[in-house]
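Student:
Structure (structure tokens):
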């Protein structure tokens with residue numbers, strides 16, 4: 391088995407393998423396609439969360455939990471390298487080109503997982519799980535642990551009001 395990681399907010403503890411990406415679409419999936427985003431390390435999971443939270447003050451941070459997930463056999467995973475991705479793959483925007491790049495995989499379910507370089511840290515992979523793949527039933531939550539974000543990674547509590 392291979393292992394992946396996911397940080398979730400406290401309110402999702404009862405459903406740690408539930409998606410949410412189908413409702414709004416994310417970088418690699420359009421609206422209506424249900425996948426689960428995970429990372430190859432706890433550190434990358436944190437960086438991905440922080441990249442989507444900024445700017446936030448420390449006292450505004452939600453409570454997070456680190457989910458360690460065991461996947462079935464690694465042959466059910468397809469790995470992409472940076473040079474296999476579209477030209478603007480690491481744009482901070484969600485684009486139709488990126489959301490349809492995995493089209494065959496999103497509609498076909500050949501492999502349970504796809505590993506793609508992180509747009510934030512391209513030397514590490516995010517691992518996207520196809521929730522409709524038959525092997526998804528073999529995905530196991532190994533552990534759920536409270537995860538404290540170091541206050542040095544976000545704005546200090548006394549930073550003052552944020553303007554939007």
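Numbering (this note's numbering), first residue to last: 391 to 554.
Virtual Cβ for every residue (Gly too), placed ideally from N, Cα, C.
Since residue 501 contacts residue 467 with CB under 8 Å, what's their CB separation in whole angstroms?
Tutor: The count along the chain shown starts at 1 and reaches residue 501 at position 111. The count along the chain shown starts at 1 and reaches residue 467 at position 77. With a Cβ gap of about 6 Å, residue 501 and residue 467 count as contacting.
Student: Would you call the segment 445 to 462 in contact with the segment 483 to 491, where contact means no fewer than 3 C-beta pairs closer than 8 Å?
Tutor: At 8 Å Cβ cutoff, the stretches do not touch.
Student: Reducing DSSP to helix, strand and coil, say where residue 423 ends up.
Tutor: In the chain shown, counting from the first residue as 1, residue 423 sits at position 33. Looking at residue 423 - three-state DSSP - the assignment turns out to be coil, as it is neither helix nor strand.
Student: Which of the three DSSP states, helix, strand or coil, is assigned to residue 438?
Tutor: As a working note, residue 438 is residue 48 in the chain shown. In the structure shown, residue 438 sits in a helix (DSSP, three-state: H, G or I).
Student: Which of the three DSSP states, helix, strand or coil, is assigned to residue 432?
Tutor: Numbered from its first residue, the chain shown carries residue 432 at position 42. Looking at residue 432 - three-state DSSP - the assignment turns out to be helix.
Student: Can you give me the start and stop residues for the beta strand (DSSP E) that residue 491 sits inside?
Tutor: Mapped onto the chain shown, residue 491 falls at position 101. Where residue 491 is concerned, there is no enclosing beta strand (DSSP E), although the alpha helix (DSSP H) it sits in stretches over 486 to 491.
Student: So, at 7 Å on beta carbons, what are the nonlocal neighbours of residue 536 in its own chain, with the 5 sequence-adjacent residues on each side left out?
Tutor: Numbered from 1 along the chain shown, position 146 holds the residue referred to as residue 536. 455, listed in sequence order.
Student: Identify the continuous alpha helix (DSSP H) that holds residue 408 and give its terminal residues.
Tutor: Here residue 408 corresponds to residue number 18 of the chain shown, with the count starting at 1. That residue, residue 408, is in no alpha helix (DSSP H); it is neither H nor E in DSSP.
Student: What residue does the beta strand (DSSP E) around residue 536 start on, and which one ends it?
Tutor: If you number the chain shown from 1, residue 536 lands on position 146. 530 to 537 is the span of the beta strand (DSSP E), which, as asked, contains residue 536.
Student: Start and end of the beta strand (DSSP E) containing residue 398?
Tutor: In the chain shown, the residue the question calls residue 398 occupies position 8. Start and end: 392 to 399.
Student: Using the C-alpha atoms, what's the distance from residue 404 back to residue 480?
Tutor: Residue 480 sits at position 90 when you count from the first residue of the chain shown. Residue 404 sits at position 14 when you count from the first residue of the chain shown. Computed Cα separation, rounded: 32 Å.
Student: Return the Cβ separation of residue 393 and residue 460 in integer angstroms, given the expectation that the two are a contact with Cβ distance under 8 Å.
Tutor: Mapped onto the chain shown, residue 393 falls at position 3. Mapped onto the chain shown, residue 460 falls at position 70. That pair is a contact at about 6 Å.
Student: Secondary structure at residue 497, three-state DSSP: helix, strand or coil?
Tutor: As a first step, residue 497 is located in the chain shown; it is residue number 107 there, counting from the start. Three-state result, residue 497: helix.
Student: Beta carbon of residue 510, beta carbon of residue 412: below 8 Å?
Tutor: As a first step, residue 510 is located in the chain shown; it is residue number 120 there, counting from the start. As a first step, residue 412 is located in the chain shown; it is residue number 22 there, counting from the start. Going by C-beta atoms, residue 510 is not nearer than 8 Å to residue 412.
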